[in-house]
Amino acid sequence: MAFNFQAWGGECYEKIAAVMWHSHTTTMRVLDLNERIEASREIESLLSGFNGRYIPAGPSGLITRGRNDVLPVGCNFYSLDPHRVSTRTAWEVGKRLAGKNSGKIPG
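All letters in the sequence shown, in the order written, are residues 1 to 107 by UniProt numbering.
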């Protein structure tokens, strides 16, 4: 006997569809992360570094803090991401705000 979700009304059907879509996208994301972890060359890069060979630069960060762009690992992580660094304008605004505050913590 087939189960008819539409008999319960459109709202139930929409909720089930949303859960299924979320499950699908989560599964695809996990599979992508797994593939990039498998492609990591961490040990090979470590041994190359011990032998004085070049190791390409890559982004740094923790995957547990949402930085899944750091995968695959096995890169020199001294690199600087210019999109995550304050602009010169932001730096100047920060200096002016600090000067107005005379070094005191507001509170």
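Idealized CB from N, CA, C, for every residue including glycine.
- Here the alpha carbon of H22 sits roughly 11 Å from the alpha carbon of R29.
- Selection K95, P56, R41 and T27 evaluated against N76 yields P56 as nearest (Cα-Cα).
- If you check the CB distance, L71 and L33 come in under 9 Å.
- Looking at the DSSP output, N76 shares a beta bridge with A57.
- The three-state reading of DSSP puts R29 in helix, counting H, G and I together.
- Just so you know, the alpha carbons of P59 and G66 end up roughly 13 Å apart.
- For E38 against G74, the beta-carbon gap comes to about 12 Å, at or over 8 Å, which does not count as contact.
- C-alpha of R36 to C-alpha of I63: approximately 12 Å in a straight line.
- Within the same chain, Cβ atoms closer than 7 Å to the Cβ of G49 are found at I55, the five residues on either side in sequence being excluded.
- In the structure shown, A39 adopts coil according to DSSP, grouped into three states.
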